[in-house]
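*Asks:*
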Amino acid sequence: MKRITYQRSKLVGQQLKSVQHNLLLVTRLFCSVSLILLVLLGGFSSANAQFVHPGITHKKSDLDRMKYMVEAQIDPWYSSYQTMVADSKSSYDYVVQGDVSFTELGRDDGTNYSAWNSDIRAAYYNAICWYVTGDTRHADKAVEIFNAWKNLTNVTSGGTYALSGGIGYIMIEAAEIIKSTYSGWATADIDAFKAMLVYPGYSTTTIPTGTKTFYWNSYKGDAARHGNQGLSAWRTVMAMGIFLDNEIMYERALRYIKGLPHRSDDLPYPSGPNTSVALLSSTEYADTYSFTAGTSIEDYGFDEVMTNYIWENGQCQESSRDQQHTAFGIGLLTSMAEMAWNQGEDLYAHSDDRLLLGLEYNMRYNVSAIQSYDDQPSAWEPTVASGEFIQRFDRTGRWFSKAISPDGRGDFSSTRPVFEMPVAHFYGRGLKTAEEVKWITRARDKAIELSGYELAGWSNDAIGWGGLTARRPDYCYGDPISGFDSNGLPMYAMNLLPTIEAENFDYAELSREGRVYHDVNAVNTGGAYRTAEDVDIETCTEGGYNLTDIESGEWVTYTLYVPETAEYAISMRYAASQAGGTVKLSFAGEETTSEVAVPFGSPNSTGESDWQTATITSNAVLYKGVQSLKVSFGGVSNAFKVNNFSLVKSGIAKQEQTINFFTIPYKVVGSDDFDPAATASSGLAVSYASSNTSVATIVDGKVHVVGVGTTTITASQAGNESYFAAPNATRVLTVVANNTASVSLPTVADTYVNGGSTSTNYGAATSLVTKGGATGRYAYFKFDLSSLTGPVVSAKLRLYQRTSYIEERSVYDVADDSWTETEIIWNNKPAYENERATISTSKATWNEWDVSSYVAQEYNNDKVITMVVINPSASSTAGIDFYSKEFGSNAPELVVTCYNGSPTAVETVQNSSSSVYPNPASGIVYVSLSDYDSSADGFTASLFNSLGVKIDEIDSIHSNTVPFDLSSLENGMYFIQIRQGDKQFSHKVLKR
């Protein structure tokens, strides 16, 4: 564990290490003396050691990353944050539920429990919001919550002491952030809060009697229950140790999880082993026994020990119980591993990566049940026969595992968020390959597909929101620092422009070489500053430190925040002793420069003490957001030294943009002017043009119908100082005479899916529920368009609302029509995209959405259409119910108006000596005309749609090959007619 000394021994800097070692001994002696001076009633022994603060789950650099990614509006950080702040508990106007008069809290009997669960989330959310926004009202709200609970003297339990103590964790997490980043929490109030956590007083020798709070419910885990219960307690003990700067308390949790005996200066752990007595119950998955507690072996270690919870094959102690509790237990271990990592201990890698083994085993079983892969086409079923399941008693002697339980299998997407954090560690920190973290990555991505970015954990299980709090940008394997404190601990802080100090390359707790830097010798030859690491650093003659002894092939990385997408001039403060050295820059894994020669000789640097500034590039395009900068050195070794780097905006970098343009349904002469609804990805306004002004013109940004015929509507966006012009997008508009008829199509399948019950099918429901929030409800509808008598002019989805709320609901298109009403559930629901229409609903009546464009598109395709109705607001949880077809009356319907006019006759006699290719076609189609005399009078080629409306024509052709561009046309059947003198032939061509 890192306190005052670094972990790795070096060949230099031993004198510094000796001093640090002596300081550590003095610190620990002070701790022992402090224990003697223990204040039992409300006091807290210092038992102090040095910890990184904040340092439970979030270091300051982690908070910085959240802040700046939200500021840059980059996902998943931005969207995750927006979803979190939509919760009213994130508001600085939140009404605190706790009260200074509260002295009792009970998880089992419910005393003040709902108030506690609300306040812990509000405290944590406001702590995050304070750091992201800088608004002190959020910090003050968190402080108000802490102070409201500081007078607790009794956390009661009905027997599940570990779970009762474990509920303190999220409040401590919030308090750590505020204490470490905000000066407005009064010292007296902080001390009162600390004392409350260990009431009636912390001790390493005496267990108090009478009322007690969190520590004394948690301090011994749980020797008689499933592992998740004791783990919940140990997580609180570990977090509390960091918050209280109590090394003994912190190590009490850490050592237990690792299966080590208790410290000699601390209370012992529970003894064992227990003895199994009589079989109480039996299922095909597990047997349950009565037991007698044992006391013969001190510090026995029960189900919470990592290697007792995760067995040698990856199977978990609760795998035979259900999958939700298994995920809870693994998530608790992951949370503790992250805390330990932030304090210099690699609990993640304990016992040959036992935690990763358990994560991969559990997620393979769960994810493969709802998603197939090339390497796992069917659900994975670990069995005793296959050697992939172990039959064994757990460490308590109460449960005997017989087979893995399918209870809750696949229901991992929303209630137990345990994926972002381990993926961020193992892969995001560059410790494992994608193959090694395959199943937890698949679980994370499938959960995002099913439920969106990670939300809060259930109740007080996990803090959640990993897309905001845990996700790391690619190649950011270490963490940015601004230096080291007087105890040698890294001071984590984001690198901000314009100046990056060269010696403050990213810090990694462990395994630094090859991840955050590469140095050819395993020693800091300069002997200064970061003596426990390999990069060579010396005291700089300009002040501070500089990189020295730079060898060809070495590199260093920095995590930094670029506030604006722009061109940047990047320079380096250097001193060169000879020519031939080079430097190369890469941002976010992409090479930004080639190798740039480092200048030597007047007027540039002429020696190792002649510090000058060299421009590496004057116009590097950098994109906003937190990212990695990798500086690679080449050429002649030991040619130059580096003091710092400077990045200054030098110009505007334009970005690409695209236009999304939906199908335009047929229009009738006399129709109102309409907006074609094309949108640019930049958000800039789109303008339109019409190729045939006798059919339609553009008036005030809308299409004005003039007469019968076809025209191509071109959508364009010219760009501005930030965006290049977008490629034009086109759609064909067909205007017809008023010869239309309407038809009402019944839904052929309708149902809804439920994010709160992910494996339940609602195909027979008489009401279709739509709802936002963490456990949303989506209503799906499928219609058959094959009976339509002609092209679509307009279409409306009509649903009859049963409930009395008035809220917005949106219709999105769904490309996958293969779902069935009796099989669709939350876990296999088809994906949706493209919002087509949004309305405010009306109670107890019909509601209508204009879906003309989407229906016209699908009529030109396979003539089957799926739509989903969703609450567009994630924060609103009001349910809007619509009647389904199973209700009988007021069933969903799609009212479509079609054009029924007769197409112009187009002769389709085939010319045996001509051909059309390719056919079907998606872009250019060619007509080969070998029988035509190209030396004679030219011929004419015309393109018609299926109704005989002419779309395009080419006159006076003197070639045997005629091209037509179909790329802007809708899918469907077209005709190409060739005329020369009295010859006339037509060819069918299918656009798709």
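Reading the sequence shown from the start, the letters are residues 19 to 1010 in our numbering.
Glycine residues also receive a C-beta, built at the ideal position from the N, C-alpha and C atoms.
Exposed or buried, which one is THR863 when buried takes at least 16 other CB atoms within 10 Å?
*Replies:* Under this definition THR863 is an exposed residue.
*Asks:* Need the endpoints of the beta strand (DSSP E) that GLY990 sits in, please.
*Replies:* Here the beta strand (DSSP E) through GLY990 covers 990-998.
*Asks:* Among SER668, LYS685, ILE682 and TYR741, which one has its Cα closest to the Cα of SER699?
*Replies:* Checked all of SER668, LYS685, ILE682 and TYR741; the closest Cα to SER699 is TYR741.
*Asks:* If the criterion is Cβ atoms closer than 9 Å, does the pair PRO683 and ALA874 meet it?
*Replies:* Taking 9 Å as the Cβ cut-off, PRO683 and ALA874 qualify as a contacting pair.
*Asks:* Once the 5 residues before and after ARG795 are set aside, which same chain residues still bring their CB inside 6 Å of it?
*Replies:* If we look at ARG795 and ignore the five residues flanking it on each side, its Cβ neighbours are TYR770, ASN772, VAL787, THR788 and LYS789.
*Asks:* Under three-state DSSP, which class holds ARG382?
*Replies:* DSSP places ARG382 in helix when its eight states are reduced to three.
*Asks:* Could you check if LEU43 is buried or exposed, using at least 16 other CB atoms within 10 Å of its CB as the buried criterion?
*Replies:* At LEU43, the pLDDT of 34 sits below 50, so the modelled position is not reliable and the matter cannot be decided from this model.
*Asks:* Taking just the CA atoms, how far does ILE588 sit from GLY561?
*Replies:* Computed Cα separation, rounded: 21 Å.
*Asks:* Would you grab the beta carbon distance between LEU1008 and ASN937 for me? Rounded to a whole angstrom, and I think it's under 8 Å.
*Replies:* Rounded, the Cβ-Cβ distance is 6 Å, consistent with contact.
*Asks:* Hey, quick one: how far does the beta strand (DSSP E) through PRO508 stretch, first residue to last?
*Replies:* Here the beta strand (DSSP E) through PRO508 covers 508-510.
*Asks:* Using 10 angstroms around the beta-carbon of GLY485, count the other beta-carbons present and answer buried if the total reaches 16, otherwise exposed.
*Replies:* The residue is buried, with at least 16 neighbouring Cβ atoms inside 10 Å.
*Asks:* For a quick check, are the C-beta atoms of THR821 and ASP899 less than 9 Å apart?
*Replies:* It is a contact, given that the beta carbons lie within the stated cut-off.
*Asks:* Do you know offhand how far SER469's Cα is from GLN819's?
*Replies:* Distance between the alpha carbons of SER469 and GLN819 is about 25 Å.
*Asks:* Got a sec? Which residues, its chain only, sit under 8 Å from CYS916 by beta carbon, not counting five neighbours each side?
*Replies:* Around CYS916: THR758, ALA759, SER760, VAL761, LEU806, THR807, GLY808, PRO809, VAL810 and VAL811.
*Asks:* When you compare only the Cα positions, how much space is there between LEU181 and ARG273?
*Replies:* Approximately 20 Å between the Cα atoms of the pair.
*Asks:* Cβ of ARG410 within 9 Å of Cβ of SER423?
*Replies:* Against a cut-off of 9 Å, the Cβ pair of SER423 and ARG410 comes out as no contact.
*Asks:* I think ASN542 touches ILE555, with their Cβ atoms under 8 Å apart; what is that distance to the nearest whole Å?
*Replies:* That pair is a contact at about 6 Å.
*Asks:* Grouping DSSP H, G and I as helix and E and B as strand, with all else coil, what is PRO94?
*Replies:* Three-state result, PRO94: coil.
*Asks:* The beta strand (DSSP E) with LEU912 in it runs from where to where?
*Replies:* LEU912 -> beta strand (DSSP E) spans 911-917.
*Asks:* Give me the Cα-Cα distance between GLY791 and ALA474, rounded to the nearest whole angstrom.
*Replies:* The straight-line gap from Cα to Cα measures roughly 11 Å.
*Asks:* Where does GLU613 sit, in a helix, a strand or coil, going by DSSP?
*Replies:* Coil.
*Asks:* Starting from the C-beta of THR557, find all residues in its chain whose C-beta is less than 7 Å away, skip the five residues before and the five after it, and write them out in chain order.
*Replies:* Hits under 7 Å: ALA546 and TYR563.
*Asks:* Nearest-angstrom Cα distance between GLY347 and LEU249?
*Replies:* Whole-angstrom Cα-Cα distance: 7 Å.
*Asks:* Helix, strand or coil: how does DSSP classify PRO764 here?
*Replies:* Three-state DSSP puts PRO764 in a strand.
*Asks:* Nearest-angstrom Cα distance between ASN845 and ALA213?
*Replies:* Answer to the nearest angstrom: the Cα atoms are 46 Å apart.
*Asks:* Just to confirm my understanding: we take LEU47, look at its own chain, exclude 5 residues before and 5 after, and list those with CB closer than 7 Å. What are they?
*Replies:* Caution is warranted here: a pLDDT of 35 is assigned to LEU47, below 50, making its placement in the model unreliable, and no coordinate value can be reported.
*Asks:* Count the C-beta pairs between the region 316-334 and the region 448-456 that are closer than 8 Å, then say yes if the count reaches three, no if not.
*Replies:* They do not touch, by the three-pair rule.
*Asks:* Note down, one range per segment and in chain order, each alpha helix (DSSP H) of at least 4 residues found wholly within the region 825-890.
*Replies:* For the region 825-890, whole alpha helix (DSSP H) runs of length 4 or above, ordered along the chain, are 870-877.
*Asks:* My assumption, with CB atoms under 8 Å, is that MET357 sits in contact with ILE74. Please give the rounded CB distance.
*Replies:* Contact holds; Cβ gap of about 5 Å.
*Asks:* With DSSP as the reference, label ARG1010 as helix, strand or coil.
*Replies:* In the structure shown, ARG1010 sits in coil (DSSP, three-state: anything other than H, G, I, E or B).
*Asks:* If you drop the 5 nearest sequence neighbours on each side, which residues of the same chain put their C-beta closer than 6 Å to that of TRP148?
*Replies:* Cβ within range, chain order: HIS156 and ALA157.
*Asks:* Inspect the beta-carbon positions of TYR268 and ILE275 and report whether they are closer than 9 Å.
*Replies:* In this structure, ILE275 does not lie closer than 9 Å to TYR268 by Cβ.
*Asks:* Could you say which of THR610, MET258, ILE716 and ASN246 lies nearest to ILE195 if we only look at CA atoms?
*Replies:* Of the candidates THR610, MET258, ILE716 and ASN246, the one whose C-alpha sits nearest the C-alpha of ILE195 is MET258.
*Asks:* Locate the beta strand (DSSP E) running through GLN341, then write down its first and last residues.
*Replies:* No beta strand (DSSP E) contains GLN341, which is instead part of the alpha helix (DSSP H) from 341-360.
*Asks:* With a threshold of 8 Å, are at least 3 pairs of Cβ atoms found where one atom belongs to the region 845-862 and the other to the region 826-837?
*Replies:* Because the criterion of three Cβ pairs below 8 Å is met, the region 845-862 and the region 826-837 touch.
*Asks:* Between GLU191 and ASP93, what straight-line distance do the alpha-carbon atoms span, to the nearest angstrom?
*Replies:* Looking at the two C-alpha atoms, the distance is approximately 24 Å.
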